[in-house]
Amino acid sequence: MAASKPASKTAPKLARERAKQLRTEVEYHNERYFVEDEPEIADADFDALVRELRALEAEHPSLVVPESPTQRPGGQVSSTFAPVRHRVPMLSLDNAFSHEELVAWAERVQKIVPGEITFVAEPKMDGLAISLQYENGALVCAATRGDGVTGENVTENIRTIGDIPQQLKGSRVPKVLEVRGEIYMPLAAFNELNRRQGEVGARLFVNARNAAAGSLRVKDVSITASRDLSVFCYQLGAIEGGPRLRTHQETLAWLRELGLPVNPEISAFDSLDGVYEFVARMEAQRHSLGYEIDGVVIKVDDLGQREEMGFTSRAPRWAIAYKFPPEEKTTRLNDIMVSIGRTGRATPFAMLEPVFVGGANVSLATLHNEDDVARKDVRRGDTVIVRRAGDVIPEVVGPVLAKRPKGAKKWKFPARCPVCDQPLVRVEGEANHHCINADCPAQRVQRIVHFAGRGAMDIEGLGEERVRQFVDAGMLLDIADIYTLHFEKLVGLERIGAKSAQLLLDAIEGSKQRELWRLLVGLSINHVGPTAAQALARALGHLDRIAASSDEELVAVEGVGPTIAQSVQRFFALDANLAVIDKLRDAGVNLEGPEPSAEPRDTTLAGRTFVLTGSLERHTRDEATAEIEARGGKVTSSVSKKTSYVVAGESPGSKLAKAEQLGVTILDDDAFDALLENGPTEDEASK
Ligand code: IVH
Numbered sequence: 010m011a012a013s014k015p016a017s018k019t020a021p022k023l024a025r026e027r028a029k030q031l032r033t034e035v036e037y038h039n040e041r042y043f044v045e046d047e048p049e050i051a052d053a054d055f056d057a058l059v060r061e062l063r064a065l066e067a068e069h070p071s072l073v074v075p076e077s078p079t080q081r082p083g084g085q086v087s088s089t090f091a092p093v094r095h096r097v098p099m100l101s102l103d104n105a106f107s108h109e110e111l112v113a114w115a116e117r118v119q120k121i122v123p124g125e126i127t128f129v130a131e132p133k134m135d136g137l138a139i140s141l142q143y144e145n146g147a148l149v150c151a152a153t154r155g156d157g158v159t160g161e162n163v164t165e166n167i168r169t170i171g172d173i174p175q176q177l178k179g180s181r182v183p184k185v186l187e188v189r190g191e192i193y194m195p196l197a198a199f200n201e202l203n204r205r206q207g208e209v210g211a212r213l214f215v216n217a218r219n220a221a222a223g224s225l226r227v228k229d230v231s232i233t234a235s236r237d238l239s240v241f242c243y244q245l246g247a248i249e250g251g252p253r254l255r256t257h258q259e260t261l262a263w264l265r266e267l268g269l270p271v272n273p274e275i276s277a278f279d280s281l282d283g284v285y286e287f288v289a290r291m292e293a294q295r296h297s298l299g300y301e302i303d304g305v306v307i308k309v310d311d312l313g314q315r316e317e318m319g320f321t322s323r324a325p326r327w328a329i330a331y332k333f334p335p336e337e338k339t340t341r342l343n344d345i346m347v348s349i350g351r352t353g354r355a356t357p358f359a360m361l362e363p364v365f366v367g368g369a370n371v372s373l374a375t376l377h378n379e380d381d382v383a384r385k386d387v388r389r390g391d392t393v394i395v396r397r398a399g400d401v402i403p404e405v406v407g408p409v410l411a412k413r414p415k416g417a418k419k420w421k422f423p424a425r426c427p428v429c430d431q432p433l434v435r436v437e438g439e440a441n442h443h444c445i446n447a448d449c450p451a452q453r454v455q456r457i458v459h460f461a462g463r464g465a466m467d468i469e470g471l472g473e474e475r476v477r478q479f480v481d482a483g484m485l486l487d488i489a490d491i492y493t494l495h496f497e498k499l500v501g502l503e504r505i506g507a508k509s510a511q512l513l514l515d516a517i518e519g520s521k522q523r524e525l526w527r528l529l530v531g532l533s534i535n536h537v538g539p540t541a542a543q544a545l546a547r548a549l550g551h552l553d554r555i556a557a558s559s560d561e562e563l564v565a566v567e568g569v570g571p572t573i574a575q576s577v578q579r580f581f582a583l584d585a586n587l588a589v590i591d592k593l594r595d596a597g598v599n600l601e602g603p604e605p606s607a608e609p610r611d612t613t614l615a616g617r618t619f620v621l622t623g624s625l626e627r628h629t630r631d632e633a634t635a636e637i638e639a640r641g642g643k644v645t646s647s648v649s650k651k652t653s654y655v656v657a658g659e660s661p662g663s664k665l666a667k668a669e670q671l672g673v674t675i676l677d678d679d680a681f682d683a684l685l686e687n688g689p690t691e692d693e694a695s696k
């Protein structure tokens, strides 16, 4: 498929050809999206094609033909289900992608209906449209949108969805009601479904919308029944009987009264300013709603005004969809590489053709570990969907199989470290591979950078670039070598003048007096972060004493659990580590803590139990456990009513759904970090 090009000032012949090509492409992708439930490009890429076509048609009105996808709602009917002709066509919505486009829409509205206008703003659900028909209160038929005129009969599938009433309730049930809404899959259900799919080696769904469509549009209704689908109703279709309704707000209130689910986030505003605040709020909350939205739909509230405005051939003039900037785009995966971290952890990542997504240029995206790559089955040369949501690190969602180059081979985890060429090892039961060569230069650089970093010995001027330079020059083999650097050695190097050499040496000298806990953090002992380091330093008072402590003595330290204790012991059992410590001692680095004291330990999380699920962005599972234990909390493996918190990272398992069911507090990465830092809020503390 050709990439989009700007359409300004296109010569007529070229314009005609390009329009034809765009129409074919848009039709093709419409079919992949609506019929196959397997889109090949991200929604944002699709929108760009439609916009280009629209711009061309605006520039050359003779190119507008009735069959152009710009003149019809998207979608087609498949032959899997019986056709249902909609009594009132199911149209699409026009889109606005910026504040200006929203203002331009409001101006058009105002031109047709001068005077006061109330706007209703609703989250734009990213699911699939459904039409539900009730006769005398009983559900008789449910249909997808199809091509807008004819949809597919999915009544039996819809009957399996618990949220959709089979029978309407209340005293104002009409003779005939056709109501429209969006079928969606809550994110917790989507993640759980993909986890189950992964377990049995089945294909993963690329997003919740696809999962919803793929779960509803299946012949075998037991599949639909096993999937957790839901609905929000937002619109009336054909109706006979029922109350006189004057506004959209009244309509929604009535739908609620009949027992139909209506999104509680919907609000009304007398000005566009309010609408814009709502848009900003929704955008900020987008990831905590529990379901996917891709924008906000803004509608004129007054039904009389709506009538005056009417429709174009594909969409009402009284509503517009304000689309959020895309968080998913398609791009080419050029290669899969492995990076080695400070602890030797080998993390696969994708090298991508740079793409602007989620507000940033992305050329690298994590692939977490071997199982993640296998689950997603991404291969070199694949076109992939890349996602960057909020400030979460970019990730590859999955491949676009239809675009896979012939002969693309399954990716295999490299057997050897890309930096030191020693074997990479994956211990049974663990998700990650490690380079276990303690001399690996990649680890060395990362360990030294960590030692000199702000959170540890805080040596200004010794960042990653410098460390790499010194390691490459053979001047640093381990952290203790930092204290052997001297003026003559430094000024001989590229990009280092006398002044910066002296500044660096002063900073190094200053670091010798840092507190013991900082040194402990700097040693890169697994699970020993600042909290555990402070607890150890406070309780045991000297590095030698910590090194000589038995398991029991370590566990007896307030805030140190078995995970940390074991890791500390393992570290000090290695001669190579003891040799480094001797070098630090000889260099005059402080190994002493404050006087051991009976100072109260950190007990901010005492009495609280945590369950961890999914992978956290900033902590490994062990680190998170250690941080919790260091504050007196406990980590258990199953969720019950007694669980205080479920910490849910990326791809959480069924534990998240269970937590939601039981009403247990759920923490994401940020909330977890805030809890570690500040302890429970007053509200929580009283629970
Ligand atoms: S109102 C005449 N409200 O977005 C069309 N649509 O891109 C009236 N959608 O086809 C639709 N959330 O499937 C409306 N709150 C909402 C919506 C919504 C999602 C979908 C709907 C529509 C599509 C257009």
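Just so we're on the same page, the working numbering is the position in the sequence shown counted from 1, plus 9.
Glycine residues also receive a C-beta, built at the ideal position from the N, C-alpha and C atoms.
Since we're looking at a predicted model, the values are computed, not measured.
* To do: Report the rounded CA-to-CA distance for residue 622 versus residue 170, giving the unit in angstroms.
  => Taking the first residue of the sequence shown as position 1, residue 622 is located at position 613. Taking the first residue of the sequence shown as position 1, residue 170 is located at position 161. Straight-line Cα distance between these residues: approximately 27 Å.
Handout entry: Pick from 254, 92, 276, 97 that is closest to residue 1, judged by C-alpha positions
Key = The chain is shown from 10 up to 696; residue 1 falls before or after that span and cannot be answered.
Q.
In chain order, what are the residue ranges of uninterrupted beta strand (DSSP E) at least 3 long that sit wholly in the stretch 422-467?
A. 433-435, 442-444
**Message:** I need the DSSP call for residue 723, collapsed to helix, strand or coil.
**Reply:** With the chain represented from 10 up to 696, any question about residue 723 goes unanswered, as that position is not in the structure.
| residue 217 and residue 196 closer than 7 Å at C-beta | If you number the sequence shown from 1, residue 217 lands on position 208. If you number the sequence shown from 1, residue 196 lands on position 187. Contact: yes.
Notebook entry, point to check: By Cβ distance, which residues of its chain are closer than 7 Å to residue 517, with the 5 residues on each side in sequence left out?
Noted result: Here the question's residue 517 lines up with position 508 in the sequence shown. Closer than 7 Å at the Cβ level, and outside the excluded window around residue 517, lie 468, 491, 492, 494.
(message) Quick check on residue 452: buried or exposed, where buried means 16 or more other Cβ atoms within 10 Å of its Cβ?
(response) The count along the sequence shown starts at 1 and reaches residue 452 at position 443. So residue 452 ends up on the buried side.
So which of 486, 407, 292 has the shortest CA-CA distance to residue 454? One-based indexing of the sequence shown puts residue 454 at position 445. When only C-alpha atoms are compared, the closest one is 486.
Q: State yes or no: is the C-beta of residue 357 within less than 7 Å of the C-beta of residue 387?
A: One-based indexing of the sequence shown puts residue 357 at position 348. One-based indexing of the sequence shown puts residue 387 at position 378. Contact flag unset, no.
With three or more C-beta pairs closer than 8 Å as the rule, is the stretch 232-251 touching the stretch 171-188? yes
Pull up the distance between the alpha-carbon of residue 221 and that of residue 203, whole angstroms please.
-> Along the sequence shown, read from residue 1 onward, the residue named residue 221 stands at position 212. Along the sequence shown, read from residue 1 onward, the residue named residue 203 stands at position 194. The straight-line gap from Cα to Cα measures roughly 12 Å.
Measure the alpha-carbon distance for residue 631 versus residue 640 and round it to whole angstroms. The residue given as residue 631 occupies position 622 in the sequence shown. The residue given as residue 640 occupies position 631 in the sequence shown. Residue 631 and residue 640: Cα-Cα distance of roughly 14 Å.
Once the 5 residues before and after residue 552 are set aside, which same chain residues still bring their CB inside 6 Å of it? To locate residue 552, count along the sequence shown from 1; it is residue 543. Cβ neighbours of residue 552 beyond the five flanking positions: 600.
Evaluate contact between the stretch 467-482 and the stretch 515-534, counting only Cβ atoms and requiring at least three cross-stretch pairs below 8 Å. yes
### Message
Strictly under 7 Å for the Cβ-Cβ distance: is residue 259 near chain B by that measure?
### Response
This model lacks chain B altogether; it includes just one protein chain.
Item to complete: Mind checking which residues open and close the alpha helix (DSSP H) that includes residue 25?
Response: The residue given as residue 25 occupies position 16 in the sequence shown. Run containing residue 25: 21-43, per the alpha helix (DSSP H) assignment.
With a threshold of 16 other CB atoms inside 10 Å of the CB of residue 116, please say whether the residue is buried or exposed. Here residue 116 refers to the residue found at position 107 of the sequence shown. Its Cβ having fewer than 16 others within 10 Å, residue 116 is exposed.
With a threshold of 6 Å, establish whether the CB of residue 306 neighbours any heavy atom of the ligand IVH.
Translated into positions along the sequence shown, residue 306 becomes position 297. It does: the Cβ of residue 306 is within 6 Å (strictly closer) of some heavy atom of the ligand IVH.
#### Entry: Backbone CA spacing between residue 158 and residue 152 [nearest angstrom]
For this step, residue 158 is matched to residue 149 along the sequence shown. For this step, residue 152 is matched to residue 143 along the sequence shown. Their Cα atoms are separated by approximately 11 Å.
Is residue 721 near the ligand IVH - that is, is its Cβ less than 6 Å away from at least one heavy atom of it?
Only positions 10 to 696 of the chain appear in the structure, and residue 721 is not among them; the question remains open.
**Item:** Member of 132, 128, 180 whose CA lies at the smallest distance from the CA of residue 145
**Value:** As a working note, residue 145 is residue 136 in the sequence shown. The candidate whose alpha carbon is nearest that of residue 145 is 180.
- Can residue 318 be considered in contact with the ligand IVH, in the sense that its beta carbon sits closer than 6 Å to one or more heavy atoms? The count along the sequence shown starts at 1 and reaches residue 318 at position 309. Because no heavy atom of the ligand IVH lies under 6 Å away, the Cβ of residue 318 does not count as near it: no.
Judging by CA-CA distance, which residue of 653, 659, 661 is the nearest neighbour of residue 688? For this step, residue 688 is matched to residue 679 along the sequence shown. Of 653, 659, 661, the residue nearest in Cα terms is 653.
- Message: Going by beta-carbon coordinates alone, are residue 395 and residue 374 separated by less than 7 Å?
- Response: Locating residue 395 in the sequence shown gives position 386, counting from the first residue. Locating residue 374 in the sequence shown gives position 365, counting from the first residue. Contact: yes.
Closest to residue 440 by C-alpha separation, out of 404, 384, 317, would be which residue?
Numbered from its first residue, the sequence shown carries residue 440 at position 431. The candidate whose alpha carbon is nearest that of residue 440 is 384.
Below 6 Å, is the gap between the Cβ of residue 244 and the nearest heavy atom of the ligand IVH? In the sequence shown, residue 244 corresponds to position 235, counting from 1. True, at least one ligand heavy atom lies under 6 Å from that Cβ.
message: On a Cα-Cα basis, can you pick out the residue from 587, 572, 570, 463 that is closest to residue 3?
response: Lying before the first or after the last residue shown, residue 3 is absent from the chain, which here runs from 10 to 696.
Identity of the residues DSSP links to residue 133 by a beta bridge
Here residue 133 is taken as the residue at index 124 of the sequence shown, counted from 1. Beta-bridge pairing links residue 133 to 304.
Open item on the list: I'd like the ranges of any alpha helix (DSSP H) spanning at least 4 consecutive residues and lying wholly in the stretch 620-690.
Closed with: 630-639, 663-671, 678-687
#### Entry: Beta-carbon spacing of residue 238, residue 291 below 7 Å
Residue mapping note: residue 238 aligns to position 229 of the sequence shown, counting from 1. Residue mapping note: residue 291 aligns to position 282 of the sequence shown, counting from 1. Their beta carbons are not under 7 Å apart, which means residue 238 does not touch residue 291 by this criterion.
What do you reckon, is the C-beta of residue 325 under 6 Å from a heavy atom of the ligand IVH? Locating residue 325 in the sequence shown gives position 316, counting from the first residue. Indeed, a heavy atom of the ligand IVH lies less than 6 Å from the Cβ.
Exercise. Report buried or exposed for residue 38, applying the criterion of at least 16 other Cβ atoms within 10 angstroms of its Cβ.
Key: Residue 38 sits at position 29 when you count from the first residue of the sequence shown. Buried is the call here.
Open item on the list: Measuring straight from C-alpha to C-alpha, what distance separates residue 229 and residue 201?
Closed with: Start at 1 with the first residue of the sequence shown, and residue 229 comes out as number 220. Start at 1 with the first residue of the sequence shown, and residue 201 comes out as number 192. C-alpha separation (whole angstroms): 20 Å.
*Relative to the ligand IVH, is the shortest distance from any of its heavy atoms to the C-beta of residue 466 smaller than 6 Å?*
Within the sequence shown, residue 466 is the residue found at index 457, counting from 1. Incorrect: residue 466 has no Cβ contact closer than 6 Å to the ligand IVH.
Review point. In its own chain, which residues sit with a C-beta less than 7 Å from the C-beta of residue 265, not counting the 5 before and 5 after it?
Key: The sequence position of residue 265 within the sequence shown is 256, counting from 1. Counting only Cβ-Cβ distances below 7 Å, and skipping sequence neighbours, we find 271.
For residue 332, the nearest candidate out of 302, 167, 683 (CA to CA)
One-based indexing of the sequence shown puts residue 332 at position 323. Checked all of 302, 167, 683; the closest Cα to residue 332 is 302.
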